[in-house]
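When we follow my numbering, the leftmost residue of the sequence shown carries the number 44, and every step to the right adds one. We treat Cβ as the ideally placed atom computed from N, Cα and C, and that holds for glycine. Data block below; observations after.
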Amino acid sequence: MAGSARMRIVVIGTGGRVGGALARHFRLAGHAVVGFDRTALDLTRPEIIRDRLEPLAFDAVLLTAALTNLDRAEERPEEARAVNVEGPALVAGWCTARGARLIHFSTDYVYDGARPGLRDESEPAAPVSVYARTKAEGEERVLEATGGAALIARVSWVFGPDRPSFPDQMLERARAGARLEAIADKFSMPTSALDLGGWLEPFVDGPLRNVGGHLNFCNSGEPASWHSYGETTVALAAELGVPLRCTVIEPKPLDGTTAFRARRPVHTAMSNARLASLLGTAPRPWTVALREYLRKYHAPA
Ligand SMILES: NC(=O)c1ccc[n+]([C@@H]2O[C@H](COP(=O)([O-])OP(=O)(O)OC[C@H]3O[C@@H](n4cnc5c(N)ncnc54)[C@H](OP(=O)(O)O)[C@@H]3O)[C@@H](O)[C@H]2O)c1
């Protein structure tokens, strides 16, 4: 355990990729974790938030639940607002009342992504979709309700075992011999859900427990396009002996993608320099984390 004491940690969003991984991580680290998935705690229902949190004693809340589907958010902005803004603001109020640490998860999509390079925390949020606008507003409401004490952990392009994501979908198609294509002109920084827990430990129960405000949490390395992310996934999987029937990925432009209802920002790969300096060590490259993930969850035994 990073800190000395066993903490009582609430994870909201355990049905998701990040919440599932974090609940397991902090349990294995020896903390007492109470996890809520959507059926147990619906963020759109204030009375349920109260019913779940009021009787509980807790030292920290990791708030990972969100309406994360960009196109659904565009179609249902009221629901997006309830889940991504109003629910988190209420949870933050409970944390303040209890003197509990709050780590609230957000996204690289709060940046407008208008120019190449790495986004750092000093850049203002300039969201270009309903999802991103509600996440940015959620960040501010959470900070307001905690007097700036909450940590806003912005993550990007998360992969992990608790819910399939882009590499899993690519490999499923590659195994089946289906045609592969991916957008080649939109960039971010892939991030392992399995690395997040280790980075977060000092912020939960260690020397960084009082750090508040916005902080980018992502692996290191070169920004990826969906296309290069896919190519790296397929190449690593082939090297690890995953049987693939198709390994060529056709590049396609973001502009020509008619399936999207919500606008996607282009250059949102984040700098993790501030995280690295706080941790005293740089997060490992995403390619190294991805290889480990593929070896563990996709390669033949
Ligand atoms: N994954 C990424 O690439 C990525 C990138 C940038 C930022 N983020 C941020 O990271 C955080 C965690 O994301 P994730 O990857 O774990 O997303 P996820 O896998 O989509 O999980 C989100 C969870 O929130 C739950 N949820 C949705 N509506 C809810 C509601 N009304 N009440 C309670 N729970 C509700 C979902 O329930 P169901 O299980 O029923 O769907 C799901 O389990 C989010 O804040 C997200 O914005 C993620």
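Check                                                                                                        : Outcome
Beta-carbon proximity list for V53, same chain, < 6 Å, skipping 5 on both sides                              : V77, F101 and V104
Under 8 Å between C-beta atoms of A135 and A66                                                               : no
Cβ neighbours of V309 in the same chain (closer than 6 Å, five flanking residues each side left out)         : G156 and K229
Coarse secondary structure for M44, derived from DSSP in three states                                        : At M44, the pLDDT of 49 sits below 50, so the modelled position is not reliable; the number obtained from the coordinates is stated separately. Coil at M44, not helix or strand.
Distance cut-off 7 Å: L110 Cβ against heavy atoms of ligand 1                                                : yes
Residue ranges of each beta strand (DSSP E) within the stretch 158 to 243, 3 or longer                       : 194 to 198 and 223 to 226
R124 beta carbon near ligand 1 (any heavy atom closer than 7 Å)                                              : no
Own chain partners of M44 with C-beta closer than 6 Å, once the 5 adjacent residues on each side are dropped : Interpretation of M44 is limited by its pLDDT of 49, a score under 50 that renders its predicted location unreliable; the figure taken from the coordinates is listed afterwards. Counting only Cβ-Cβ distances below 6 Å, and skipping sequence neighbours, we find A72 and G73.
N259 in three-state terms, based on DSSP                                                                     : strand
Segment limits, beta strand (DSSP E) that includes G124                                                      : A small correction: the amino acid at residue 124 is Arg; Gly does not occupy that position in the sequence shown. Note, R124: premise wrong, no beta strand (DSSP E); alpha helix (DSSP H) at P120 to R124.
Through-space distance from A132 to T177, alpha-carbon basis                                                 : 12 Å
Closest by C-alpha distance to G181, when choosing among G160, R218, G130 and A169                           : G130
Contact under 8 Å by Cβ, V277 with A217                                                                      : yes
Under the three-state DSSP convention, the category V247 falls into                                          : helix
Inter-stretch contact at 8 Å, needing at least 3 Cβ pairs: the stretch 234 to 242 / the stretch 296 to 311   : no
L279 to P296 span [Cα, whole Å]                                                                              : 24 Å
V173 and P210 closer than 8 Å at C-beta                                                                      : no
Given A259 as reference, the closest of L283, V198, G190 and H68 once Cα atoms are compared                  : Looking at the sequence provided, one finds Asn at residue 259 rather than Ala. Cα-wise, what sits closest to N259 is V198.
Residue closest to C138, alpha-carbon to alpha-carbon, out of A192, N127 and P159                            : A192
Inter-residue spacing [alpha-carbon to alpha-carbon] between F79 and P98                                     : 14 Å
S149 beta carbon near ligand 1 (any heavy atom closer than 7 Å)                                              : yes
Nearest residue (CA-CA) to T330, options R88, G58 and C261                                                   : C261
Through-space distance from S165 to R317, alpha-carbon basis                                                 : 10 Å
Nearest-angstrom beta carbon gap, A109 and V126 [assumed within contact, 8 Å]                                : 6 Å
Own chain residues within Cβ distance below 6 Å of A325, not counting five before or after                   : S263 and A319
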